[in-house]
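Read through the structure below, which is laid out as structure tokens, and then see the notes.
Number of protein chains: 2
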Amino acid sequence: MTFELLAFEVAPSSGIPIYRQLMDQVKRLVASEHLKPGDPLPSVRNVATALAVNPMTISKAYSLLEAEGVLERERGKGMKVAATKNVAKSTEQRLEILQPSVDSIIAEAKQLDIGLEQLTQQIEKSF
Amino acid sequence: MTFELLAFEVAPSSGIPIYRQLMDQVKRLVASEHLKPGDPLPSVRNVATALAVNPMTISKAYSLLEAEGVLERERGKGMKVAATKNVAKSTEQRLEILQPSVDSIIAEAKQLDIGLEQLTQQIEKSF
DNA sequence: ATTTGTGTATTATAGTATTAATACAGTAGG
DNA sequence: CCTACTGTATTAATACTATAATACACAAAT
Chain S
4 MTFELLAFEV
14 APSSGIPIYR
24 QLMDQVKRLV
34 ASEHLKPGDP
44 LPSVRNVATA
54 LAVNPMTISK
64 AYSLLEAEGV
74 LERERGKGMK
84 VAATKNVAKS
94 TEQRLEILQP
104 SVDSIIAEAK
114 QLDIGLEQLT
124 QQIEKSF
Chain G
4 MTFELLAFEV
14 APSSGIPIYR
24 QLMDQVKRLV
34 ASEHLKPGDP
44 LPSVRNVATA
54 LAVNPMTISK
64 AYSLLEAEGV
74 LERERGKGMK
84 VAATKNVAKS
94 TEQRLEILQP
104 SVDSIIAEAK
114 QLDIGLEQLT
124 QQIEKSF
């Protein structure tokens with residue numbers, strides 16, 4: 004019953020598919036070494052019940068992450084972070100991963116007539 | 004042939020439905036009065052060809068915005084920003100609209116081990 | 001051997017998103 | 001009237017997302 008407090012979160016109303024939200028989160032956690040090579044991931048069924056979601060949705064996310072080389076599967080055991088290809092990523096590389104979200108929020112702010120200072124201020128307040 | 008330079012943007016790989024991306028953009032532009040009550044919107048066909056997307060997708064977005072009271076339809080003419088219910092929104096209200104994106108990018112940054120200063124710095128650089 | 005835990009496969013169903021090709025009703029200008 | 005422009009309706013097809021209920025193969029511990 005070894006389950007980790009891996010606090011996956013899903014925004015139901017965001018319009019983004021659940022399996023995609025999950026994949027992105029795992030990738031970020033791996034990139035930052037919050038999940039290190041060899042670390043086990045919470046079981047499909049645990050995540051599914053925790054998020055009130057169908058197990059196959061989680062399985063799909065894990066399978067795709069395995070296909071991308073981010074995770075590895077061990078028969079009868081579980082999924083773990085792959086060793087190969089998962090070296091520590093630099094700050095620049097991690098910022099690069101975040102960049103699309105940065106571009107997106109800036110576009111939104113401009114459409115809302117929210118200036119740079121108001122935006123950063125709001126982020127500081129919510130951080 | 005009156006078409007406005009309304010620079011709608013769509014991110015195809017984001018996973019978010021096109022009609023939803025469009026609706027959100029219009030709402031933001033209305034909230035900030037970049038689009039004022041009475042302002043005409045670019046035609047379904049213009050937007051569709053500009054975004055290389057099916058006209059019905061745009062029509063769906065417009066129809067839903069009409070159902071929400073954001074837009075009004077004029078037979079044979081086009082869509083325009085609704086007068087009722089679209090008063091100028093305060094800074095606080097506009098920040099509230101942006102808040103979900105703020106929360107989201109903060110969560111992403113934390114998963115990537117990107118601190119507050121690095122985040123705001125990146126935003127300043129990209130703004 | 002049994003139990004309990006892995007991930008996965010199967011089959012079916014449902015809802016949503018998007019495209020395609022037409023066609024229609026209304027408005028405006030020549 | 002004719003043309004060109006609006007948004008919309010229809011019908012069809014395709015793809016994706018998610019759920020449901022079972023069942024299977026493997027590993028580990030008892």
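Taken in order, these protein sequences are the chains called S and G.
Numbering-wise, the numbering used here comes out as the position in the first sequence, counting from 1, plus 3.
Numbering-wise, the numbering used here comes out as the position in the second sequence, counting from 1, plus 3.
We put the CB at the ideal spot given by N, CA and C, even for glycine.
- Excluding sequence positions up to five before and after Gly41 (chain S), its CB lies within less than 7 Å of the CB of Lys83, Val84 and Ala86, all in the same chain and listed in chain order.
- When the beta-carbon positions are compared, Leu115 (chain S) and Phe130 (chain G) stay at least 8 Å from each other.
- Under the Cβ criterion of 8 Å, Asp116 (chain S) is counted among the residues facing chain G.
- Taken in chain order, the unbroken stretches of alpha helix (DSSP H) that lie wholly in the stretch 10-37 of chain S and span 4 residues or more are 21-34.
- Below the 8 Å Cβ cutoff, chain S contributes Glu12 as neighbours of Ala110 (chain G), in chain order.
- With 16 or more other CB atoms across the displayed protein chains lying within 10 angstroms of its CB, Gln28 (chain S) is buried.
- For Val47 (chain G), the enclosing alpha helix (DSSP H) covers residues Val47 to Leu54.
- For Arg97 (chain G), the enclosing alpha helix (DSSP H) stretches over residues Thr94 to Gln114.
- Listed as beta-bridge partners of Arg76 (chain S) by DSSP are S:Met82.
- Per DSSP, the continuous alpha helix (DSSP H) segment holding Glu127 (chain S) begins and ends at Leu119 to Ser129.
- Proximity of Ala34 (chain G) to chain S, defined by a Cβ-Cβ separation below 8 Å, is satisfied.
- The beta carbon of Tyr22 (chain S) lies closer than 8 Å to those of Thr60, Ile61, Lys63, Ala64 and Leu67 in the same chain, with the five residues before and after it left out.
- A Cβ-Cβ separation of about 6 Å places Arg31 (chain S) in contact with Glu111 (chain G) under the 8 Å criterion.
- Spanning the alpha carbons of Glu95 (chain S) and Gln121 (chain G) requires a straight line of approximately 10 Å.
- Taking a Cβ-Cβ cut-off of 8 Å, Asp42 (chain G) has no neighbours in chain S, whose nearest Cβ is about 14 Å from it.
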